[in-house]
Amino acid sequence: MHFFAQVFLSAGLAISAVGLAASEEPPQIQSFVEFCAYAGANLTDGHWLGAYCRNNMIDEFGYNYTWVDLDFCVGNNGGQLIAYKSGNYSTSCTKCAINHETKTLMLTCDCEHPDKEYSTSSLDLGNNILYDDNGSAGCFDHLGNKTWLGP
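Numbers -23 to -1, 1 to 128, taken from mature numbering (1 follows the signal peptide of the UniProt record, and there is no 0), label the letters of the sequence shown in order.
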């Protein structure tokens, strides 16, 4: 794991714990495209997705900056991106980018086939894989890290 990722993961876990303890409401899993600013999302190193997502403190209009490692969410199945828990797609896919489409967020990569050829594949992250859990982007049972961005 990159040093950069380790630092942010450690810091994010500590911040997440503080943020969850401060919330009086139980975490509520919400739609990623409805509760996160997916149009402003960014992709770093081909697999770290960052976005602003709304937390449960609606009365304070609180948002968190959250980042999630998409390797926990996406796999490569014969050259096609698929939703897959701990799929580790970035080891066999290159030139990955996100596209902000109407009402969704698409991941597009060139992914390796078993015959070592590559093809372009896309996957709808916003509607089918990612969710917002109290300001943290997540997929399957994996939650990303977050920082508090209150008023």
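Virtual Cβ for every residue (Gly too), placed ideally from N, Cα, C.
Remember, predicted model here, so these are calculated numbers, not experimental data.
In the three-state scheme derived from DSSP, where H, G and I count as helix and E and B as strand, Y95 is classed as strand.
In the DSSP assignment, L120 forms a beta bridge with G115.
Residue pairing by DSSP places L107 opposite no residue, since no beta bridge is assigned to it.
K123 counts as buried, since at least 16 other C-beta atoms from the protein chains shown sit within 10 angstroms of its C-beta.
Rounded to whole angstroms, the Cβ separation of T43 and G112 is 6 Å, and the two are in contact under 8 Å. For S8, the closest C-alpha among the options H77, N76 and C30 is that of C30. Inter-residue distance for C73 and M34 is about 34 Å (C-alpha atoms, whole angstroms).
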